[in-house]
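Visitor: Taking this note's numbering, I'd label the letters of the sequence shown as residues -10 to 125. So that we are looking at the same thing, I have put the structure below in structure tokens.
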Amino acid sequence: MEEDSRIAAVSEVPDDSTLLFTVRSGFDEEEAILVERDGEIRAWRNYCQHWTDVRLDKGEGATVRDGELVCGKHGALFEADSGLCTYGPCEGAVLEAIDVAVEDGAVYLTDPDYEFVQRGSSIEYDLSSNRSLGFD
Ligand code: FES
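Structure (structure tokens):
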């Protein structure tokens, strides 16, 4: 695996929360999260399927309870391993997957649509509204 696609050590991915990272797709930087369930690690784009401007992980880790990711806004639950929303206003929707792989105790980005940028977010947010700062 390429060292510049290494996201984190497997041991750094919490079992009750998420690990935030940033990827680049073309000129756009986007957030993604790593989540672990039953020893399997998956990556998802960091937004809810109900309101797509709502981040699941706001920088301090999203709640993961009984193997399900919780959206803090209206309480939607997403299976950490399949991304399927099992409860809430977007029930039946699926999170957007990003391909990752584990090798020698580390998680690597393997998705050809994305480049790894950094751990955490590279995007600045207006903390009062939790919206990204930018011109749109
Ligand atoms: S924005 Fe996530 S459940 Fe409504």
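Don't be surprised by glycine CBs; every beta carbon is placed ideally from N, CA and C.
What number of angstroms, rounded off, separates the C-alpha of L73 from the C-alpha of D88?
Guide: Approximately 16 Å between the Cα atoms of the pair.
Visitor: Decide if the region 41 to 53 is in contact with the region -10 to 0; the criterion is three or more beta carbon pairs, one per stretch, under 8 Å apart.
Guide: Cβ pair count under 8 Å is below three, so no.
Visitor: Whose CA, out of G15, D27, G64, S6, lies closest to the CA of G48?
Guide: Selected option, being the one with the closest Cα: S6.
Visitor: Going by CA-CA distance only, name the one from V83, P78, G61, K62 that's closest to E68.
Guide: If we check each option's Cα against that of E68, V83 comes out closest.
Visitor: Given the structure, does G48 come close to the ligand FES, in the sense that its CB is under 7 Å from one of the ligand's heavy atoms?
Guide: No - the ligand FES has no heavy atom lying nearer than 7 Å to the Cβ of G48.
Visitor: When you measure from the CB of P78 to every non-hydrogen atom of the ligand FES, does any distance come out below 7 Å?
Guide: The answer is yes for P78.
Visitor: Quick check on this structure: which residue in G15, D4, C60, A86 has the alpha carbon closest to the alpha carbon of P78?
Guide: When each option's Cα is compared against that of P78, the closest is C60.
Visitor: Rounded to the nearest angstrom, what separates G10 and A86 at their Cα positions?
Guide: The displayed chain sequence assigns Phe, not Gly, to residue 10. Roughly 14 Å between the two C-alpha positions.
Visitor: Give a single yes or no on whether V128 has its beta carbon closer than 7 Å to a heavy atom of the ligand FES.
Guide: Absent from the model: residue 128. The displayed extent of the chain is -10 to 125, so no value can be given.
Visitor: Quick check on DSSP: helix, strand or coil for R34?
Guide: R34: strand per DSSP, three-state reduction.
Visitor: D(-7) by DSSP, collapsed to three states: which one?
Guide: Residue state, collapsed to three classes: helix.
Visitor: Could you tell me if A90 is buried or exposed, where buried requires 16 or more neighbouring beta carbons within 10 angstroms of its beta carbon?
Guide: With fewer than 16 Cβ atoms within 10 Å of its Cβ, A90 is classed as exposed.
Visitor: Given the structure, does D82 come close to the ligand FES, in the sense that its CB is under 7 Å from one of the ligand's heavy atoms?
Guide: For the sequence presented, residue 82 should be read as Ala rather than Asp. No - the ligand FES has no heavy atom lying nearer than 7 Å to the Cβ of A82.
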